[in-house]
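Asks:
Protein chains: 2
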Amino acid sequence: MSDFARSEEIRFQLFDILDTEGLTTRARFSGQSREIYDAALETAEKIATEHFANHNRAADIQEPWLENGKVTMLPEVKRAVDAFAEAGFLKAHHDEALGGLQLPWSVVQGCFSLFQAANVATAAYPFLTIAAGNLLARFASDAQKETYLPAMLEGRFFGTMCLSEPQAGSSLSDIRTLALPDDDGGYRIQGVKQWISGGEHELSENIIHLVLARIQGAPAGVKGLSLFIVPRYRLETDGKPGVANDVQLVSLLHKMGYRGTTSTILRFGEEGSCHGELIGEAHKGLLYMFQMMNEARIGVGLGATMLAHAGYLHALDYARERPQGRHVDGKDAAAPQVAIIEHADVKRMLLAQKTIAEGAMALCFYAANLVDQEASDEGEEARRDAASLLDFLTPICKTWPSQFGPRANDMAIQVMGGYGYTRDFPVEQLYRDNRLNPIHEGTDGIQAIDLLGRKVGLEGGRGLTLLAGEIAACCAEARQVGELAALADALESRFASLRDVTAGLLEQMAQGESGAALANASLYLEAFGHTVIAWMWLRQALVAARLGAGDSSDPDYLSGKLQACRYFFAFELPRVDQLTAVLRHGDQTCAEMRSNWF
Amino acid sequence: MSDFARSEEIRFQLFDILDTEGLTTRARFSGQSREIYDAALETAEKIATEHFANHNRAADIQEPWLENGKVTMLPEVKRAVDAFAEAGFLKAHHDEALGGLQLPWSVVQGCFSLFQAANVATAAYPFLTIAAGNLLARFASDAQKETYLPAMLEGRFFGTMCLSEPQAGSSLSDIRTLALPDDDGGYRIQGVKQWISGGEHELSENIIHLVLARIQGAPAGVKGLSLFIVPRYRLETDGKPGVANDVQLVSLLHKMGYRGTTSTILRFGEEGSCHGELIGEAHKGLLYMFQMMNEARIGVGLGATMLAHAGYLHALDYARERPQGRHVDGKDAAAPQVAIIEHADVKRMLLAQKTIAEGAMALCFYAANLVDQEASDEGEEARRDAASLLDFLTPICKTWPSQFGPRANDMAIQVMGGYGYTRDFPVEQLYRDNRLNPIHEGTDGIQAIDLLGRKVGLEGGRGLTLLAGEIAACCAEARQVGELAALADALESRFASLRDVTAGLLEQMAQGESGAALANASLYLEAFGHTVIAWMWLRQALVAARLGAGDSSDPDYLSGKLQACRYFFAFELPRVDQLTAVLRHGDQTCAEMRSNWF
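Going down the list, the sequences are from chains A and B. Under my numbering, the first residue of the first sequence is numbered 1, with each subsequent residue one higher. Under my numbering, the first residue of the second sequence is numbered 1001, with each subsequent residue one higher.
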């Protein structure tokens, strides 16, 4: 058993909460079995333990550095990504036609979560490569796929996503990188990209940058963006990397955490000879990129979740071992000290961490399951439903774990006191690593505008309606199960209040008052997130109650699930009321604040 | 003007909110003037800028290290503490009889806050020395004072507080360090102390450790603790440091932040020759130490406050300069970008930081003013009131800024996006530094038990009654001032609810159910903190309204104060309802969770 993750928790999520085994009845997953999925998880845990966890701290202390003009890093990183690739995790979910195993995305994510828990910074290299590969598999031409995909699926070529520029971070419409048409049908790329994770390294034979750029003469804004394949080395006719493709490393960026992942500024085409290949149609680049960004967003949520989970486990171990103080009701100074887990306030901090980590995990795997539904359901309507619901939930999957995961890490430090604050224990690094997650792949504020300004109104509110159906079904079930009936009421009343607020805000936007309606979008996203996580906890409690009524192999674990659900409903869910009150009132305090008043 | 603090904000707190100038009518402060106080603040800002801010980052990168058995650090640290001492800040508040200036504690704290904002880690050395000196001034014998105090007030000797041991962190009753009576009336000290800040360094000629230990044969628990002066070097008859006093550095501890302050494990008396002098009476050590701890707790709160303030100012500067995106209501991609401070969500994060930093600042200076009232009021009853109210508010002064200060730093990073997460900008260090504050000088959980388990019931609830009177007076005044009347109602209803909950919990404790009553003490402390900070904002709003009605020199600043008050009442204060609901219900979810359920 690893100390950074509980694989049995992942199994509970995949096989007890979600019916991942049931996917094997679908054509896409036929011939597969629970045994195959378990074996994949076991392999992942073994490699994560041996090759990822082993250098998590070392790569934080010794982050990548420049040596003779090359980005150099600890040799353990290359061994880790090689082991990952050799075990087939770069291609496990791909079509058999591409050499993949067609494993469900949820199983692949279950495996990947173990790598994130073990070493999120090293896991970022395959993370980006998988995401880039998925984009090519969906939108690139057959010729492009043939050229690039096999090497990416084998781990010979790694991928990146190149969106941000110095003057264009959250505002993608301000991207300036140019694509100048070449005589041969290709393009020459010119521009600077910043915050490019994995933008330069020697881990792979080549790096395939997916670059958003503007074809000369294209319209301003996001509608003028196209997407290009820009390899670090141009390919020879045999597909091997050849001469450098005029992509220069301007500098490495030095972060507070997540240090093992290079973050770079790259200059494309300084010498006018950076070749790029257009993906799909011109001016549709952002649409394609969103495929990758949405996947990355859910992946970021899962990463934040697993860092919270890892911190929770460390704090839990410490709390069970560390004697300190006595029970409040028995203050005999001569009596031996008790383990701190006996103190209610320590239990509170552990429960809070548990509800964050396992609630977020439930959501991320729920989202992964929707990917599987979309890919495998025989009914077209069901596939479309899965896609709509996933699209709707994406900003929540990204943000809630990113916002509350670091809070969980904060509490892990607090449980461990002074020890937690030292660099001799792992929780301070988790706290620093996790702080990136509310920033990259769209800040919390951007996600909030995505949810309220776009997603709730999309397709006539289809996503929200689908979600309402799911929550109602869960609550109907919970009403039959003793104490859970009251929790169902609590959830439904919050969700009703949220829908009510949503209707008001949509009407305000329809009247052209978007500024006022979106002024408190972050509160809206947080309220929505808390409600969705409460739903996730009710789902878990239902299963725990069902399994607990039977002949469970681990009644303590199930009791813990029920208690955590009670905790979330009593201590966390009511925050929704505070947030919806501000939203209902249409408070404009923030919007009306002036720059010169600060 | 410095970039780490706004001294005009400190002046507003000291001279507009508090009547610090009015203190000059008191005998203790006679002959002093606003000009003297301003000059002290100016000197502090100058030294903080030139000698503290200058190496804040450098000392984070290069923390103290061992070289030839000596703790070595950047030479800038010594220059800083020397400049601090030379300017007289170690003794400014002391009695003239001791060579001090008898400046008000609130003015001295105003000055000190600038050093904390500039470099909290270097400021810790004088911080500890001042606190140790204050303890000696109050409880040591005349001979001891004569021996140690002048050197400490001049900065030749520095001080520490030695409470924690490896097996006794929060649980002081488990302290094992022994004091063996010597023939000469002194004691030989034997034991290990851990987490001793400033425990070893070469910044001063000597280090005066104040050590909690148990005289051989003393009772178990905190009632058997005595306090000792243990110098690093024994003093020669001329008062100069002589031979080493058998205090060994076991190791330096390596923290996530606050790196410039050495944190040490010390072994006393390994060779049986560590001499200590008893302070005051035997077995009263904790009582004396609490003098130092209470002062340190308020100082920790002020430090957390100033780190929040510094982060806020950096984020504010960035937000005013950084162009990104456009107004929601005017999405013309060809229009120039606006500064991000124009976005409501960025304003929200800045307002949140402002309310945390300035609300906490108001509280810390209010507490410092109570110290001055206690020291200078001519009425005995008034002095006693000031002491009781200060004692009551101490856990809130320590905890609220420590809990929410890091949240402010978190938002400073978020405003600055990827830049905020890099080590090229100061906010990530502030975030790391500030994370210590909820841990040292009593964790948040310990403060919560102090408030609910001790302070509310002390002297028949005198502290709470006094607070109620203050809040009622403020609300009565606010009811006369337009829109503030509604805020007064909002505050009073929360405070009434809190008193109601308090009565219930006190009754529960009286019935012997302390465990159940204290199970959610942390929520109680947070609810109390939010209520007290709301009161602090109403106080500020009242003054802003009054000054704004006159011929103000800075109406924008006053508008900002009013808007921040509105923000706190609309967005933050309602959290009290969520917390008091849990408390009123007597929820035992945390207490009933079991170790093996996690």
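Backbone N, C-alpha and C define an ideal beta-carbon position, used for all residues, glycine too.
Cβ of C162 (chain A) less than 8 Å from any chain B Cβ?
Replies: Answer no: the Cβ-Cβ gap between C162 (chain A) and chain B never drops below 8 Å.
Asks: Whose Cβ in chain A lies nearer than 7 Å to the Cβ of V1328 (chain B)?
Replies: Within chain A, the residues near V1328 (chain B) are S514, G515, L518.
Asks: Please classify K1193 (chain B) as buried or exposed, where buried requires at least 16 other C-beta atoms within 10 Å of its C-beta.
Replies: Burial call: buried.
Asks: Of all the CB atoms in chain B, is at least one closer than 8 Å to the CB of Y567 (chain A)?
Replies: Answer yes: the Cβ-Cβ gap between Y567 (chain A) and chain B drops below 8 Å somewhere.
Asks: Could you say which of B:G1199, B:R1006, B:M1293 lies nearest to V1247 (chain B) if we only look at CA atoms?
Replies: Selected option, being the one with the closest Cα: B:G1199.
Asks: Under DSSP, the beta strand (DSSP E) around F268 (chain A) begins and ends at which residues?
Replies: 263 to 268 is the extent of the beta strand (DSSP E) around F268 (chain A).
Asks: For V1582 (chain B), decide whether its Cβ has a neighbour in chain A, counting only Cβ atoms nearer than 8 Å.
Replies: So yes, V1582 (chain B) belongs to the interface.
Asks: Using a C-beta cutoff of 8 Å, does I1413 (chain B) count as contacting chain A?
Replies: Yes, because at least one Cβ of chain A sits closer than 8 Å to the Cβ of I1413 (chain B).
Asks: Between A1131 (chain B) and G1159 (chain B), what straight-line distance do the alpha-carbon atoms span, to the nearest angstrom?
Replies: Approximately 8 Å between the Cα atoms of the pair.
Asks: Where does Q194 (chain A) sit, in a helix, a strand or coil, going by DSSP?
Replies: Note: Q194 (chain A) maps to strand in three-state DSSP.
Asks: Taking Cβ positions, are G1257 (chain B) and K1398 (chain B) nearer each other than 8 Å?
Replies: For G1257 (chain B) and K1398 (chain B), no; Cβs fall outside 8 Å.
Asks: Shorter than 8 Å from the beta carbon of P600 (chain A) to some beta carbon of chain B?
Replies: Look at the range of chain A in this structure, 1 to 598, and you will see that residue 600 (chain A) is not part of it.
Asks: According to a CB-to-CB cut-off of less than 7 Å, which residues of the stretch 1252 to 1269 of chain B neighbour chain A?
Replies: Against chain A - using a Cβ distance shorter than 7 Å - the residues of the stretch 1252 to 1269 of chain B are L1253, H1254, K1255, M1256.
Asks: Identify every run of the beta strand (DSSP E) within the stretch 393 to 456 of chain A, keeping only runs that are complete inside it and at least 3 residues long; order them along the chain.
Replies: Correct list: empty.
Asks: Given this structure, state the Cα-to-Cα distance separating T1465 (chain B) from L1525 (chain B), to the nearest angstrom.
Replies: The alpha-carbon atoms of T1465 (chain B) and L1525 (chain B) are separated by roughly 17 Å.
Asks: Using beta carbons (cut-off 8 Å, strictly below), is M1306 (chain B) in contact with chain A?
Replies: Chain A, which has no Cβ nearer than 8 Å to the Cβ of M1306 (chain B), makes this no.
Asks: Using a Cβ cut-off of 8 Å (strictly closer), state whether C1364 (chain B) contacts chain A.
Replies: So, not an interface residue.
Asks: List, in chain order, every chain A residue whose beta-carbon is nearer than 8 Å to that of I1341 (chain B).
Replies: S595, F598, listed in chain order.
Asks: Please classify L66 (chain A) as buried or exposed, where buried requires at least 16 neighbouring CB atoms within 10 angstroms.
Replies: By the neighbour-count rule (16 or more Cβ atoms within 10 Å), L66 (chain A) is not buried but exposed.
Asks: Going along the chain, which residues of the stretch 140 to 153 of chain A sit with their C-beta nearer than 8 Å to a C-beta in chain B?
Replies: From the stretch 140 to 153 of chain A, no residue has a Cβ closer than 8 Å to chain B.
Asks: Short of 7 Å in beta carbon distance, which residues of its chain neighbour Q1508 (chain B), apart from the five on each side in sequence? Order them along the chain.
Replies: Once the five neighbours on either side are set aside, the close Cβ partners of Q1508 (chain B) are A1516, A1517.
Asks: Buried or exposed, going by whether 16 or more other CB atoms sit within 10 Å of the CB of H1585 (chain B)?
Replies: Result: exposed.
Asks: Taking the alpha-carbon positions, what's the K255 (chain A) to D433 (chain A) distance?
Replies: Each residue's alpha carbon lies about 9 Å from the other.
Asks: Work out the CA separation of L101 (chain A) and L1579 (chain B) for me, nearest whole Å.
Replies: Each residue's alpha carbon lies about 50 Å from the other.
Asks: From L1227 (chain B) to I10 (chain A), what distance separates their C-alpha atoms?
Replies: Answer to the nearest angstrom: the Cα atoms are 52 Å apart.
Asks: Measuring CA to CA, which of B:M1292, B:R1026, B:M1293, B:L1249 is closest to G1269 (chain B)?
Replies: Comparing Cα-Cα distances from G1269 (chain B) to each of B:M1292, B:R1026, B:M1293, B:L1249, the minimum goes to B:L1249.
Asks: Among A:V230, A:A362, A:F84, A:A39, which one has its Cα closest to the Cα of M161 (chain A)?
Replies: Answer by Cα proximity: A:V230.
Asks: Quick check: C1590 (chain B) and A344 (chain A), are their CB atoms within less than 8 Å of each other?
Replies: Closer than 8 Å, so yes.
Asks: Just checking my contact of L573 (chain A) with A490 (chain A) at CB under 8 Å: how many whole Å lie between their CB atoms?
Replies: Right, their Cβ atoms sit about 6 Å apart.
Asks: In angstroms with no decimal places, state the Cα-to-Cα distance between K455 (chain A) and E374 (chain A).
Replies: The straight-line gap from Cα to Cα measures roughly 18 Å.
Asks: Closer than 7 Å by C-beta to A488 (chain A): which residues in its own chain qualify, once you throw out the five before and the five after it? Chain order, please.
Replies: These residues qualify, in order along the chain: C475, A478, R479, L538.
Asks: Taking a contact to mean a Cβ-Cβ separation below 8 Å, would you say A1521 (chain B) touches L1467 (chain B) in this structure?
Replies: Their beta carbons are not under 8 Å apart, which means A1521 (chain B) does not touch L1467 (chain B) by this criterion.
Asks: To the nearest angstrom, how far is the alpha carbon of A1059 (chain B) from that of V1081 (chain B)?
Replies: The alpha-carbon atoms of A1059 (chain B) and V1081 (chain B) are separated by roughly 14 Å.
Asks: For H51 (chain A), which residues in the same chain have their Cβ closer than 7 Å to its Cβ, ignoring the five residues on either side in sequence?
Replies: Cβ within range, chain order: R79, A80, A83.
Asks: Which value, in whole angstroms, describes the spacing of the CA atoms of S263 (chain A) and W195 (chain A)?
Replies: Cα-Cα distance, rounded: 5 Å.
Asks: Could one say the Cβ of S402 (chain A) lies closer than 8 Å to chain B's Cβ atoms, at least one of them?
Replies: Closer than 8 Å: no.
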